[in-house]
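Asker:
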Amino acid sequence: MFKGLGGLGDMAGMMKKAQEMQTRMAALQEELHNITVTGESGAGLVKAVASAKGELKSLDIDPSIFNGDDKEVVEDLILAAIKDAQAKANERSQEEMRALSESLGLPKDMNLPF
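For the sequence shown, full-length UniProt numbering gives the first residue as 1, with consecutive numbering after it.
1. Alpha helix (DSSP H) containing leucine 59: first to last residue?
2. Have a look at leucine 56 and alanine 12 and give me their C-alpha separation to the nearest angstrom.
3. Return the chain-ordered list of same chain residues with a C-beta closer than 6 Å to the C-beta of threonine 38, the five sequence neighbours on each side being excluded.
4. How many Å lie between glutamate 96 and alanine 27 at the Cα?
5. How do the segment 58-73 and the segment 87-107 stand: do at least 3 beta-carbon pairs fall below 8 Å, yes or no?
6. First and last residue of the alpha helix (DSSP H) that includes lysine 88?
7. Tell me the rounded alpha-carbon separation between serine 64 and leucine 79.
8. Look at the alpha carbon of lysine 16 and the alpha carbon of threonine 23, and state the distance between them as a whole number of angstroms.
So this is what it looks like as structure tokens:
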């Protein structure tokens with residue numbers, strides 16, 4: 001007589017799991033703003049710090065690279081450090097998403113957010 005309730009119980013469990021995932025995703029998105037990564041170029045002469053969301057936080061430039069006509073070299077080093085930081089931010093963000101997926105019992109190759 002109550003065969004259909006088994007399906008409702010499964011649906012309730014799925015809804016609870018989805019709500020938990022949504023809550024944890026929101027928390028992770030906030031956490032990604034606080035996680036920082038450092039990109040470098042020129043053997044560390046230029047360092048760019050970014051959040052795991054890819055937002056540039058700071059730039060550290062060794063004064064030794066400011067030699068006269070090296071403007072283009074300096075610009076290239078700055079751009080390379082920023083790109084390195086952004087790549088590391090993306091990688092870290094993906095690592096955090098995979099860890100969240102695994103902790104929720106989802107396949108680790110599942111791309112979040114959907």
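Even for Gly, the Cβ is constructed at its ideal location relative to N, Cα and C.
A quick note: this is a predicted structure, and the numbers were derived from the prediction, not measured.
Answerer: Put simply:
1. Position 59 of the sequence shown, counting from 1, holds the residue named residue 59. First-last for leucine 59: 56-61, but that is the beta strand (DSSP E), not the alpha helix (DSSP H).
2. Taking the first residue of the sequence shown as 1, we reach residue 56 at position 56. Taking the first residue of the sequence shown as 1, we reach residue 12 at position 12. For leucine 56 and alanine 12, the distance between alpha carbons rounds to 42 Å.
3. On the sequence shown, position 38 is the one that residue 38 refers to. Excluding residues up to 5 positions away in sequence, Lys47, Val49 lie with their Cβ nearer than 6 Å to the Cβ of threonine 38 in the same chain.
4. Here residue 96 refers to the residue found at position 96 of the sequence shown. Here residue 27 refers to the residue found at position 27 of the sequence shown. Roughly 11 Å separates the two Cα atoms.
5. As far as the Cβ criterion goes, the segment 58-73 does not touch the segment 87-107, which means the pair count is below three.
6. Here residue 88 is taken as the residue at index 88 of the sequence shown, counted from 1. Note, lysine 88: alpha helix (DSSP H), 71-103.
7. Numbered from 1 along the sequence shown, position 64 holds the residue referred to as residue 64. Numbered from 1 along the sequence shown, position 79 holds the residue referred to as residue 79. Each residue's Cα considered, the two are about 17 Å apart.
8. The residue labelled residue 16 in the question sits at position 16 within the sequence shown. The residue labelled residue 23 in the question sits at position 23 within the sequence shown. Distance between the alpha carbons of lysine 16 and threonine 23: 11 Å.
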